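Engineer:
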Amino acid sequence: MTEHDTPFIVEEWMGASPGGHVILKGRRCRHCDVVLWPPVARCEACGSADLAPAELGPDAELHSITTDWTGTFLGYPHLVGQVRFPEGTFVQGFVAAPIDGAPAIGAAVRLVPFPVKVQGTELVTYAFEPTGEQ
Numbered sequence: 032m033t034e035h036d037t038p039f040i041v042e043e044w045m046g047a048s049p050g051g052h053v054i055l056k057g058r059r060c061r062h063c064d065v066v067l068w069p070p071v072a073r074c075e076a077c078g079s080a081d082l083a084p085a086e087l088g089p090d091a092e093l094h095s096i097t098t099d100w101t102g103t104f105l106g107y108p109h110l111v112g113q114v115r116f117p118e119g120t121f122v123q124g125f126v127a128a129p130i131d132g133a134p135a136i137g138a139a140v141r142l143v144p145f146p147v148k149v150q151g152t153e154l155v156t157y158a159f160e161p162t163g164e165q
């Protein structure tokens, strides 16, 4: 649940840190130390099933960004980006910024709650919000 009691779309994949920041719940391979998200049963790098819980976020670096002009999921044009977390894991998601104010590649971003409507129900997913730092 978020601070507003709106459930996350997939509770098993995301949550809030003790500081109130959004975190992603992944898995760390005990064999090769790769951090994976979303959670998987086997390591995608080495195939090991020896995985431990791992948290990603809230801070990351913007690796790529594009505009979804069709806005199929949200119903309006929006930004989508791929970030790299300090653990080396890449994750794609919405970018919480106006299209005409898109952050540059390499910009520091932070995971934030991002409300969406799914079949008429308001839920919360995550987005990447620029921190204003490089």
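To convert, count from 1 in the sequence shown and add 31; that's the working numbering.
C-beta: ideal position from N, C-alpha, C; glycine also.
From a predicted model like this one, the values you see are computed outputs, not experimental measurements.
CB Pro69 to CB Trp44, shorter than 9 Å?
Structural biologist: In the sequence shown, residue 69 corresponds to position 38, counting from 1. In the sequence shown, residue 44 corresponds to position 13, counting from 1. Yes, these two residues count as a Cβ contact at 9 Å.
Engineer: Helix, strand or coil: how does DSSP classify Ile136 here?
Structural biologist: Taking the first residue of the sequence shown as 1, we reach residue 136 at position 105. Three-state DSSP puts Ile136 in coil, outside helix and strand.
Engineer: Hey, out of Ile136, Val66, Leu154, whose CA is closest to Glu160's CA?
Structural biologist: As a working note, residue 160 is residue 129 in the sequence shown. Looking at the Cα atoms, Ile136 is the closest of the given residues.
Engineer: Rounded to a whole number of angstroms, what is the C-alpha to C-alpha distance between His94 and Thr152?
Structural biologist: Here the question's residue 94 lines up with position 63 in the sequence shown. Here the question's residue 152 lines up with position 121 in the sequence shown. Answer to the nearest angstrom: the Cα atoms are 31 Å apart.
Engineer: Tell me which residues share the same chain as Phe121 and place their Cβ nearer than 8 Å to its Cβ, disregarding the 5 neighbours each side in the sequence.
Structural biologist: As a first step, residue 121 is located in the sequence shown; it is residue number 90 there, counting from the start. Counting only Cβ-Cβ distances below 8 Å, and skipping sequence neighbours, we find His94, Gln113, Val114, Arg115.
Engineer: Looking only at DSSP bridge pairs, what is Glu75 linked to?
Structural biologist: The residue labelled residue 75 in the question sits at position 44 within the sequence shown. Paired residue(s): none; Glu75 is not in a bridge.
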